[in-house]
Amino acid sequence: MKVVPVLESLKIEELECLIASLLSVGYDLERHCPDQLVCLKNLIRDAFVQVHEPWARKMILLLMELGASGWSLPPEANEYYFQ
1 MKVVPVLESL KIEELECLIA SLLSVGYDLE RHCPDQLVCL KNLIRDAFVQ VHEPWARKMI
61 LLLMELGASG WSLPPEANEY YFQ
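Right, dumping it as structure tokens:
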């Protein structure tokens, strides 16, 4: 499987920025740009499969869960990711 070049140099700050951005606008994107958001979710899913660093996999999994839960995590997931 070919690794996307951006995943080879992925920084934690970049994922944190993406998470913060989607927490802020994810709900609005669902309503106003659903097709583009589906594409973004697919890219996030593919990144989860391709990245090897455990910290990156956990953060990408968080993005996937956020998207699946309407951009707001249930308390149990919040505890898992932020403890």
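Residue numbers for the sequence shown follow full-length UniProt numbering, beginning at 1 and rising by one.
Each residue gets a CB set at the ideal place from its N, CA and C atoms; glycine is no exception.
Asked, Found
"According to DSSP, is Asn74 part of a helix, a strand, or is it coil?", "The sequence as given places Pro at residue 74; Asn does not occur at that position. Note: Pro74 maps to coil in three-state DSSP."
"Under 8 Å, do Leu15 and Ile44 count as touching if we go by C-beta distance?", "no"
"Roughly how many angstroms separate the alpha carbons of Leu73 and Tyr80, rounded to a whole number?", "10 Å"
"Near Phe48, which residues of its chain fall below 8 Å by C-beta distance, leaving aside the five closest residues on each side in sequence?", "Arg57, Ile60, Leu61 and Met64"
"Tell me, to the nearest whole angstrom, how far the beta carbon of Trp55 is from that of Leu22; I am working on the premise that it is less than 8 Å.", "Their Cβ separation, rounded to whole angstroms, is 18 Å, which puts Trp55 and Leu22 out of contact at 8 Å."
"According to DSSP, is Val51 helix, strand or coil?", "coil"
"Within the continuous alpha helix (DSSP H) that includes Ser17, where are the two ends?", "For the record, residue 17 in the displayed sequence is Cys; it is not Ser. That run of the alpha helix (DSSP H) goes Ile12 to His32."
"Please determine, among Leu10, Ser9, Lys11 and Ile19, the residue with the shortest C-alpha to C-alpha distance to Phe82.", "Ile19"
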